[in-house]
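*Asks:*
Numbering (the UniProt record's numbering), first residue to last: 1 to 212.
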């Protein structure tokens with residue numbers, strides 16, 4: 001499968017192993033929640049490898065030295081409610097001082113379009129690197145709507161992490177937001193008539209919160 005340059009599939013063995021466990025319908029909500037958080041940390045690690053650095057003067061127990069530290073303002077992690085919360089927890093484990101914004105979207109079951117119901121983000125988001133989290137990039141309507149709103153609010157440096165995407169969703173997102181890198185554990189071939197990724201892993205929100 002040839003994908004746009006902005007779509008990055010993270011093939012690390014631990015990511016792929018945990019993804020298989022997430023796909024398995026026998027995995028309990030408790031384990032699904034833990035695995036989603038762990039994959040969030042691993043995807044976040046890959047997505048943050050180009051954060052800006054600076055040199056800071058410190059004292060080791062032996063002597064003074066100039067050592068690398070993150071430069072600039074803290075990250076903003078923005079989960080798309082509700083399922084994005086589970087993925088965002090892993091990124092926050094990785095960067096515990098990150099700010100957290102929220103975008104509330106639901107998918108209209110008839111049109112499959114994203115409908116916004118909540119937005120709360122830091123006022124100075126234009127000065128910060130932003131990581132948007134949603135486990136699924138299916139039709140990409142929700143992801144596009146969330147990134148649209150963040151850009152309207154001033155965000156300039158955005159990345160998107162998901163567990164699974166569909167080929168259609170990945171291409172659609174990359175066409176609308178080619179400047180936003182996507183980090184995914186896998187891209188599946190197709191969507192079914194209800195807009196679910198096939199073979200996928202089902203409804204990530206329901207499996208995360210045990211609501212079905």
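Every residue gets a Cβ at the ideal spot worked out from N, C-alpha and C, and that includes glycine.
1. Which two residues bound the contiguous beta strand (DSSP E) that contains residue 188?
2. Give the straight-line distance between the Cα atoms of residue 205 and residue 29, rounded to the nearest whole angstrom.
3. Over the uninterrupted beta strand (DSSP E) stretch that includes residue 102, give me the two end residues.
4. Do you know how far the Cα of residue 120 is from the Cα of residue 210?
5. Kindly provide the ranges of any beta strand (DSSP E) runs that are 3 or more residues long and lie completely inside the stretch 107–187, ordered along the chain.
6. How about residue 195 and residue 138: do their beta carbons lie closer than 8 Å?
7. From which residue to which residue does the alpha helix (DSSP H) around residue 13 run?
8. For the beta strand (DSSP E) that contains residue 59, what are its first and last residues?
9. Flag this pair as touching only if the stretch 178–187 and the stretch 55–68 have three or more C-beta atom pairs under 8 Å; answer yes or no.
10. Flag residue 97 as yes if its beta-carbon sits less than 8 Å from any beta-carbon of chain C, otherwise no.
11. How far does the alpha helix (DSSP H) with residue 88 in it extend, from its first residue to its last?
12. Going by Cα to Cα distance, which pick from 192, 177 and 200 is closest to residue 149?
13. Which same chain residues end up closer than 6 Å to residue 165 when comparing Cβ atoms and leaving out the 5 residues on each side of it in sequence?
14. Between which two residues does the beta strand (DSSP E) holding residue 80 run?
15. For residue 204, which three-state DSSP category applies?
16. Span of the beta strand (DSSP E) holding residue 66?
*Replies:* Let me spell this out:
1. First-last of the beta strand (DSSP E) with residue 188: 182–188.
2. Between residue 205 and residue 29, the C-alpha separation is close to 10 Å.
3. Run containing residue 102: 102–107, per the beta strand (DSSP E) assignment.
4. Spanning the alpha carbons of residue 210 and residue 120 requires a straight line of approximately 26 Å.
5. Whole beta strand (DSSP E) segments, 3+ residues: 114–120, 129–133 and 157–166.
6. Result yes, Cβ atoms of residue 195 and residue 138 sit closer than 8 Å.
7. Here the alpha helix (DSSP H) through residue 13 covers 13–23.
8. Segment 53–59, the beta strand (DSSP E) holding residue 59.
9. With the cut-off at 8 Å, the stretch 178–187 and the stretch 55–68 do not touch.
10. In summary, chain C is missing from the structure at hand, where a single protein chain is found.
11. Unbroken alpha helix (DSSP H) run through residue 88: 84–94.
12. Selected option, being the one with the closest Cα: 177.
13. Once the five neighbours on either side are set aside, the close Cβ partners of residue 165 are 137, 184 and 187.
14. According to the DSSP assignment, residue 80 belongs to the beta strand (DSSP E) that extends over 76–81.
15. Three-state result, residue 204: helix.
16. Per DSSP, residue 66 is one residue of the beta strand (DSSP E) stretching across 64–70.
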